[in-house]
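The structure appears right after this line, and notes come after that.
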Amino acid sequence: MARNSKAKNCQIARGLTRRQLIEVEACVRCGECRLWCPSYAQGQQECITAMYKLGALRRLIKGSLPEAEKDFFLQGLYKCSACGLCHVVCPVRINTPELWEQSRQSLSLAGIPQPEGQIKQMSLIKEFNNSYGKPQQERGLWARMAWESGFLMKPLSLRREKQTSVLYFAGCTASFDPAMQSVAVQSARLLQEAGIEFSILGEEEPCCVSKLRRMGDNDFHEEARKRAEKIIAQGIKTVVVSCAGCYKGLHSDYKNIWPGVQEVLHLTQFVDRLIQEGRLVLRHKVPMVITYHDPCHLGRHTQVYDEPRRILRAIPGLSLVEMPRHRAFSCCCGMGGGLKIAFPDIQHKMSASRIREAESTGAQAIVTPCQTCYLGLLTGVDEAGSHINVYHLNELLVRSVCPDLTREKIISAFAHPPVGYV
């Protein structure tokens, strides 16, 4: 029994990089992470803090973590959205998000499974190529329905039919979730309004599988490599992504496996460029006071802070006020790292806390360019009993560029597709 335990501990250690093994030893136990952690703030459970997890992981690797304490450590590891705020405030700059993700994978390889909800989600991604369990042939339906509903200036070109240097990558949520397909439609329309020649992959678009990485799935690297090869083979130079999670996956997780792609841009980066070049004209006023929510994957993890704010300040009539915690210190809504799937109660409290912070600014609405954060913040509105509005940044952009293309109109049109449409 002791021999098996020692073998597991060695396997966990082998799963971490040399730098990560040093980081496990580097914690100075200052407790700063406890003061800032949005998940810890919801229930004051010590196992959630980075300080505790680092100490427990160190003892686990050395074989000195008591058996009775292992479940407590595992709870802390998964009651975490891997938002990275502890990394920002850490005086020795331990890269906690990457360490938590790698630790989850190492533990899984050692036979210590993830929470049941996360296991189910990972299985869906690998079986169906999306986290919704939907047939792959439905992935590109949003584009066809958008054209036939009169929402686009021209039909969208499939990459296999038209060789363009720019690819719009919609992602699973904007392709399959009826509540968020408006993001894909509005993104495509904004690119058309700016005169950009681009294509989509349609039903050939793969899941970016970034969720596998976040939850510690053993097959992430193999699954990511297969998907990257498909995109590289098509000679694409620029990938524009409207999902913050997909952006982190394609921009950061894929950086060593697809050198042929010259740039991966979040939609806000691309649109900011188009506005500054005068190619996308913001014609109509949007009189509103708003506050901006930085998605963890877009802000802290990939340093995209300025572009979304420049867009918002460029919209006529719009006034931006910041929350007390913004940019690198922005408070997570709880939708990342598989937290919502495994521990929805914590996510609900985290998002409600963020909504209350937004209310404190006096803003009429909270805006984010991430559809996952958008859905999480809506949960927070319900949990907090708030009346503040939640908008995806696309919604405010189209109000200024093509005001008839509202989210409500798209949802209504897509709710009743013709019989036999698939």
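Residue numbering for the sequence shown follows my numbering, beginning at 5 and increasing consecutively. Even for Gly, the Cβ is constructed at its ideal location relative to N, Cα and C.
- Just so you know, the alpha carbons of H391 and E399 end up roughly 18 Å apart.
- The beta carbon of S112 sits closer than 8 Å to those of Q118, G220, D221 and N222, all from its chain and outside the five residues before and after it, given in chain order.
- Under the DSSP assignment, A388 falls outside any beta strand (DSSP E), being part of the alpha helix (DSSP H) whose first and last residues are Q375 to A388.
- Separation of the CB atoms of V244 and L171 is rounded to 7 Å, and the pair is thereby assigned contact status at 8 Å.
- The alpha helix (DSSP H) runs lying completely inside the stretch 246 to 287 and spanning 4 residues or more are 248 to 252 and 271 to 280, given in chain order.
- Residue state for I98 is assigned as coil, using DSSP reduced to three classes.
- Just measuring C-alpha positions, the residue of G249, R38 and L39 sitting nearest L269 is G249.
- Check the Cα spacing between A417 and each of M354, A86, A147 and C34: the tightest is with A147.
- Rounded to the nearest angstrom, the gap between the Cα atoms of G19 and L271 is 34 Å.
- In this structure, the beta-carbon distance from G338 to S85 falls below 8 Å.
- In the structure shown, T177 falls within a helical segment according to DSSP collapsed to helix, strand and coil.
- In the three-state scheme derived from DSSP, where H, G and I count as helix and E and B as strand, A45 is classed as helix.
- For secondary structure counted as the alpha helix (DSSP H) over 4 or more consecutive residues, the stretch 285 to 313 holds no complete run.
- When rounded, the separation of the alpha-carbon atoms in I65 and V213 is 28 Å.
- Annotation: the continuous alpha helix (DSSP H) that includes F77 extends over E71 to Y82.
- Residue pairing by DSSP puts A369 in a beta bridge opposite I294 and N393.
- In summary, G137 is exposed, with fewer than 16 beta-carbon neighbours lying within 10 Å of its beta-carbon over all protein chains present.
- Looking from the CA of K215, the closest CA among K241, K130 and V96 belongs to K130.
- Q266 and H255 have their alpha carbons spaced roughly 11 Å apart.
- By the neighbour-count definition (other C-beta atoms within 10 Å, threshold 16), E102 is a buried residue.
- Around the beta-carbon of E165, fewer than 16 other beta-carbon atoms lie within 10 Å, marking it exposed.
- Within the stretch 177 to 238, the runs of beta strand (DSSP E) that reach at least 3 residues and sit entirely inside it are, in chain order, 202 to 204.
- By the neighbour-count criterion, in which 16 or more other beta carbons inside 10 Å mark a residue as buried, M354 falls on the buried side.
- Residue pairing for L171: DSSP places it in a beta bridge opposite S203 and V243.
- For L20, the secondary structure class from DSSP, reduced to helix, strand or coil, is coil.
- Distance from the CA of M184 to the CA of L379, rounded to the nearest whole angstrom, comes to 9 Å.
- Straight through space, the alpha carbons of G80 and E311 are spaced by roughly 34 Å.
- With the rule of 3 Cβ pairs closer than 8 Å, the stretch 357 to 369 does not count as touching the stretch 222 to 242.
- If you draw a 10 Å sphere on the C-beta of L61, you find 16 or more other C-beta atoms in it, and that means buried.
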